[in-house]
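First the structure, in the form of structure tokens, and then the observations on it.
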Amino acid sequence: MSSGRLQLRKTMDKLSKAVFFLATSFGIIALAILLYNIISQGIGWLDWQFLTSFPSRFPEKAGVKPALIGSLWVIGFTAPVAFVVGLGTALYLEEYAQKGRFSRLIQININNLAGVPSIVFGILGLGLFVKNLGLGRSILSAALTMALLILPIIVVASQEALRSVPQHLRNASYALGATKWQTIWRVVLPAAFPSILTGVILAVSRAIGETAPLVVVGAVGFMSFVPNSPFDLFTVLPIQIFHWTARPQEEFRYIAAAAIMVLLAVLFTLNALAVYLRNKYQKRF
Amino acid sequence: MSIIEVTDLNLFYGERQALFNVNISIEDKSITALIGPSGCGKSTFLRTLNRMNDMIPGVTITGTVEVAGNNIYEDNIDVEVLRKNIGMVFQQPNPFPKSIYDNIAFGPRLHGITNRSELDGIVETSLKAAVLWDEVKDVLKKPAYSLSGGQQQRLCIARALAVNPQILLMDEPTSALDPISTAKIEELLVELKKKYTIVIVTHNMQQAARISGVTAFFLNGYLIESGETDKIFTAPNDPRTEDYITGRFG
Amino acid sequence: MSIIEVTDLNLFYGERQALFNVNISIEDKSITALIGPSGCGKSTFLRTLNRMNDMIPGVTITGTVEVAGNNIYEDNIDVEVLRKNIGMVFQQPNPFPKSIYDNIAFGPRLHGITNRSELDGIVETSLKAAVLWDEVKDVLKKPAYSLSGGQQQRLCIARALAVNPQILLMDEPTSALDPISTAKIEELLVELKKKYTIVIVTHNMQQAARISGVTAFFLNGYLIESGETDKIFTAPNDPRTEDYITGRFG
Amino acid sequence: GCGSANKPAEQGNNKPAAEAPKLSGTIKADGSSTVGPITEAVAEEFKKANPGVQVTVGISGTGGGFKKFTAGETDINDASRKIKDAEKKAAEEKKIEYIELEIAKDGIAVVVNKENTFVDKLTVAELKKIWEPDSKVKKWSEVRPGWPDQEIKLYGPGTDSGTFDYFTEAINGKEKASRKDYTASEDDNTLVKGVSGDKGGLGYFGYAYYEENKDKLKLVPIDNGDGKALAPNIGNIKDGTYKPLSRPLFIYVSKASLQRPEVKAFIKFYIENAPKLVKEVGYVPLDEPKYKELLTKIQ
Amino acid sequence: MTNNQPIVAKKTKNKRDFGIRSFLLLCASVSILTTVGIVFELLFETINFFREVSLFDFLTDTEWSPTFQDKHFGILTLLSGSFLITLGASLVALPFGLATAIYLSEYAPDRVRRTIKPILEILAGVPTIVYGFFALTFVTPIIRAIFPTAGVFNALSASIVVGIMILPMVASLSEDAMVAVPRSLRDGAYALGATKMEVATKVVVPAGLSGIIASFVLALSRAIGETMIVTIAAGATPKLTLNPLESVQTMTAYIVQVSLGDIQHGTIEYRTLFAVGMTLFLLTLLINIIAQWITRRYREEY
Ligand SMILES: Nc1ncnc2c1ncn2[C@@H]1O[C@H](COP(=O)(O)OP(=O)(O)OP(=O)(O)O)[C@@H](O)[C@H]1O
Ligand SMILES: Nc1ncnc2c1ncn2[C@@H]1O[C@H](COP(=O)(O)OP(=O)(O)OP(=O)(O)O)[C@@H](O)[C@H]1O
Ligand SMILES: [Mg+2]
Ligand SMILES: [Mg+2]
Ligand SMILES: O=P([O-])([O-])[O-]
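Residue numbers (our numbering), protein chains in the order written: chain A, 2 to 286; chain B, 3 to 252; chain C, 3 to 252; chain D, 240 to 538; chain E, 11 to 312.
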């Protein structure tokens, strides 16, 4: 145990802190550059008129109203459905199911669905919700499709969260005569809640930025009215952004940037509540 | 009258047998001490009495455990009622990551008590019974994790008392406590004995001698012998019991 | 010769003061027992000796702790070296989620030992020293969590011994152990005292009396008195010490 | 010209406005992403005059659009090519009758890097030599003797786009017959980036994308074999003299839908305003008389 | 305070617990039904596809050109693209994500952690098309400055940016797994003289491994499924290559291209989309089965 080795360990320790910090900065810097790019292009175009207008062939008159409202509609259905089904699946697998073939089958399924490209979910949504269930090319079809798409993220994150709740906490609850569900509801879920929320944040983030499956399910590219029921036709922000960036005129790229700012603002607002709750509930054992 | 009657109990962790053919009957309104070297199966046995072993995957059990005349391993037994009436304090303190107050109120709330002043009363009574009230009465809203180890253990005792059980299983409840708190808990147990049946695992021979009416000695998964505490400590039947008890002072 | 010299030590958890003006000097190659009621600051004090309190956010410290003549709270102190040389066993067993073998080998590996047979040797010696070898020698590759509570605690003692420290801090190391294991650990400590300095928190008065040369009594964050164990147990200076010690039997 | 193109648009604006309260309902258009912007522009203007009518424009590509159109899901299909036989059959099976309206023209621009000084024009034969399926051309010198020994880097649209189909048909003589080792991208703006970033670059895409990026690209005049090399512009795309790389854009309207007053009003409005709106979104309108013909076609 | 209820009671039929259990089972079945649905949607046209194209050609041809007149159906080309992108993305996201997680859970003060984590999570919500242009206009020029042979469209740029996109998934979920590691374990290691880095890498990471691996699997799945970034930054050029400086196409990018493009339904080109989708599906299934098998082995051995 030479002091040389100790010196090395100390140096490694110092170095590692720097390395870990730099790695963290990598993500932050990437985000900063991205945001700078977006904001510097879009900021001049983002105003109240932009939020409240319909799309137009004139960039200065164009707005994101139907896309913004469409996105809110879709996510408003997607998030709760995916949350309930995802958490339910995780609870079943971690707390109820026997660790046997059946739960392994579900597990493989979930991991596998995580890797299925989003467009294939679109094809499924088209066949299942639009055609077979007769929901049509509607907000509801889109939301359910999206819910299936983000389900694996929520399930996997929730499973890990449930798994990390120490067994002795469950024991304490059972010993007081709690039923399984009482134990889950009052002890396990509160302790697992922060990490479950991380899954929700990541999943909702994904849902709100997706384009391809919604195109297949039937989001339109242009509409000059706003949907006002879950059975209406709709469009969403990413599709609007996609179409604007494909236009030849440069100005459309700027309003696309402005629309991206709107999308990120929506995302961050939606996440804020989850982040707040996560910070509130997070405890170290 | 015996309230717990264990017959031919065997327990396996997967392939590995941890309890061998245990037979014991436990008197109502008494304190029974379980003693024996580390790893001999005391905690395992204790957990069979309120079916906490159900929680451990791979555990299989043969034989019967009758509580108040019913075999608790029968299929149609309501384990929640069983566990509510058989309180348990674990070897290691395991408070919930909640406030001190919410830890105690947890059980009563489970069983339907929501009235605030009633809860307040239960919290106070239970904390006083576990000799913790004075230390925490001003910080009831603080997280239970900021308590010292011994305080956490007393909190867990208070939590078990708060649901008002009829039988109390305690796995070395005072091993993390100082003598004064220990003495107070012992006093409490002696007091509780009037109404409740208590089964306690302890490594502390004096404790067993001081408070228990019956002592059971475990070794390698076998119940070597059980009987009146006085007798076990002075004239045990089995030489191994004698070895163990005197080993302490040897 | 004193190896640890604590002067005017105050410790705060955030706003709340947990140690008040503690002054004590601890002899080299001796066993010092820390006693006192639950929550009085024994664990807190113990952790100040190897700066484990650094890990808890919001802890502030005033005063000095000198180990072998150096104030360990100075900026340029190498805490890793300090902690390697000052082993610690905690109040609750905390094995790593690794195999038994890897738990023991963890420390030696940290400090550069990679040779397999050398590690094997250390693992065996340490487990033997902690009176655990016979029970686990065939299952060294099994997860440490499958051990009973007492076995886990002995594993943690073995783990601390494996890095060959000069000072050992022990926080109620035997509170989860049965009398036989306890007696063996005590023997071990008496043996170790020849080479090492040991500071031990205990709730067991007899244990303090049996093994320690010096006993220090804490109350509400104050070091009430410290001195030769015989004296503390027979003729303490402070009435509160007397109350506490006799309270045990009162 | 511009002035006259505005006139019908204004008429179109005013007249339905008076009738507006009568019209309501939803009109669904879908199809080509090339034509989509025109239909969107029309829908935008139409809405001002007829707030009661809701128009949606989907952009699932010409083929995707026809799939919905021939299943009776949409009223109008935007198309950057003519309907194909299989699609006709599908429509027949579902008893969907339709009319085809050519509403604009689009040119395909061939461009090279701004720093390319030697390319003055390309003949159709040379383009074919570069792009034909088994083409081995790797260097500019292999295209025309005297050009430098510089590597040629090819950029083109994704193989499922109308532009690709049209270009391969026009240059290589058969739809989708093309060399494969070129750099393809789905997005024309991305192709602009490619050619403008690559000294040896050569690419083709919609004329509008050249218009908007004039400063970054060099337009290549195309020699149709008659010795006259023409660089595309509004004029020669419109009158068809920019050959062979100008293509027609269509909308298909379901006859059944056309029975609905709001659809009829919309299509009428579409044709009347096309001259102005087509230009505004970057394409080339047809000659005035052609639109007159279309108007009679929907009566 | 006496309790005179019978200690042992017969189970009453607990309808609520049964209801909850059934509901949760229903939730869990959704994933199976989804899979069945996907297979069902893909299977029919996949069979039609293989009526026209032999499996042998599909697996051995080195060219992929269903949308050209001269058609080839060598899936290896798209596979190599998917492989390059996923590999590249994991080389970015796994080390950086894990290091970020370690920094946040072990080094960063609580306030910093609470701020940085949600900020990083924004990265997960940036629309992929934005990433695509970011790759093309920001990352690609840097790559071309370093490697002059790199094309305007190249796999490297796309995979780096895909890596950035999935980074928060690794970082956030791994961080959660590490935070859940009990403090007593850290204390145990510190008391043996471990440095912070050693505690992080030798105790915390192994203890949180199951969560960390789960985050890796999710992130890589997302990388495999990513389309838009690849479409924009790596071009749409199927090429059998392992050179990251070349333009490639992935399976998923191809699927999007075809399903959103001007392809006639019912043609062989159209059917490729289902064959590719099915291939990808089976491939990820295979990987998952292997992964599950490995983790099970690993967990048992400990
Ligand atoms: N992390 C912490 N944050 C705040 N207060 C704490 C923390 N740890 C301990 N305390 C408080 O400091 C006091 C001393 O605690 P300590 O753990 O040192 O007691 P102890 O003498 O070891 O008791 P025991 O015998 O029960 O282990 C107690 O009142 C306790 O509640
Ligand atoms: N979950 C488990 N899986 C496998 N073996 C176990 C498990 N729990 C305990 N054991 C084993 O069963 C035996 C009895 O363990 P138990 O915890 O009952 O001992 P104990 O008498 O309570 O010891 P201690 O006094 O140390 O707490 C031990 O050998 C232990 O290793
Ligand atoms: Mg035990
Ligand atoms: Mg303590
Ligand atoms: O979208 P297109 O059919 O015009 O390529």
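Note that CB positions come from ideal geometry on N, CA and C, so glycine has one too. All of these numbers come straight from a predicted model, not from anything done at the bench.
Nearer than 7 Å: is that true of the beta carbon of residue i relative to any heavy atom of ligand 4?
| i | result |
| --- | --- |
| E/Asp-197 | no |
| B/Asp-56 | no |
| B/Ser-150 | yes |
| C/Asp-173 | yes |
Assuming residue i and residue j form a contact by the criterion Cβ under 8 Å, report the distance between their Cβ atoms to the nearest whole angstrom.
| i | j | result |
| --- | --- | --- |
| A/Arg-279 | A/Pro-195 | 4 Å |
| C/Val-91 | C/Asp-173 | 7 Å |
| A/Leu-47 | A/Met-262 | 6 Å |
| B/Ile-106 | B/Ile-124 | 7 Å |
For residue i and residue j, what's the separation of their Cα atoms in angstroms?
| i | j | result |
| --- | --- | --- |
| E/Ile-129 | A/Ile-29 | 8 Å |
| E/Met-179 | E/Ser-231 | 11 Å |
| E/Glu-73 | E/Leu-250 | 7 Å |
| D/Ser-417 | D/Gly-442 | 13 Å |
| C/Pro-99 | B/Leu-121 | 39 Å |
| B/Phe-251 | E/Ala-210 | Low local confidence applies: a pLDDT of 37 at B/Phe-251 is under 50, so the model's placement there is unreliable, and no value is given. |
| C/Leu-36 | B/Ser-148 | 21 Å |
| D/Lys-291 | A/Ala-162 | Correcting the residue identity first, residue 291 of chain D is Gly in this sequence and not Lys. If I take the Cα positions, the gap works out to 51 Å. |
| C/Pro-181 | C/Val-216 | 23 Å |
| E/Leu-295 | A/Ser-119 | 16 Å |
| C/Leu-142 | A/Leu-215 | 56 Å |
| A/Gln-50 | D/Leu-262 | 27 Å |
| C/Tyr-198 | C/Leu-190 | 11 Å |
| C/Glu-29 | B/Ala-178 | 27 Å |
| E/Phe-62 | D/Gly-270 | Residue identity differs from the one stated: residue 62 of chain E is Glu in this sequence, not Phe. Looking at the two C-alpha atoms, the distance is approximately 28 Å. |
| C/Thr-176 | A/Ser-206 | 51 Å |
| D/Phe-308 | E/Ala-134 | 36 Å |
| D/Lys-457 | D/Pro-471 | 12 Å |
Taking only heavy atoms of ligand 1 into account, decide whether any of them is closer than 7 Å to the Cβ of residue i.
| i | result |
| --- | --- |
| B/Gln-93 | no |
| C/Ile-88 | no |
| E/Thr-150 | no |
| C/Gln-209 | no |
| C/Tyr-246 | no |
Is any heavy atom in ligand 3 found nearer than 7 Å to the beta carbon of residue i?
| i | result |
| --- | --- |
| C/Asp-180 | no |
| B/Gly-223 | no |
| C/Val-201 | no |
| B/Ser-45 | yes |
Can you pull the DSSP bridge partners for residue i?
| i | result |
| --- | --- |
| D/Leu-456 | D/Asn-352 |
| A/Trp-245 | Per DSSP, none; premise fails for A/Trp-245. |
Just to check, is the beta-carbon of residue i closer than 7 Å to a non-hydrogen atom of ligand 2?
| i | result |
| --- | --- |
| C/Cys-42 | no |
| B/Ala-20 | yes |
| A/Gln-168 | no |
| B/Gln-155 | no |
Could you tell me which uninterrupted alpha helix (DSSP H) segments, each at least 4 residues in length, are contained entirely in the stretch 56-139 of chain A, listed from first to last along the chain? 66-92, 102-116, 119-126
At which residue ranges does the stretch 115-180 of chain B contain complete beta strand (DSSP E) runs of 3 or more residues, listed in the order of the chain? 169-173
4-residue-minimum alpha helix (DSSP H) runs that sit fully inside the stretch 393-468 of chain D, ordered along the chain: 401-406, 427-435, 446-450
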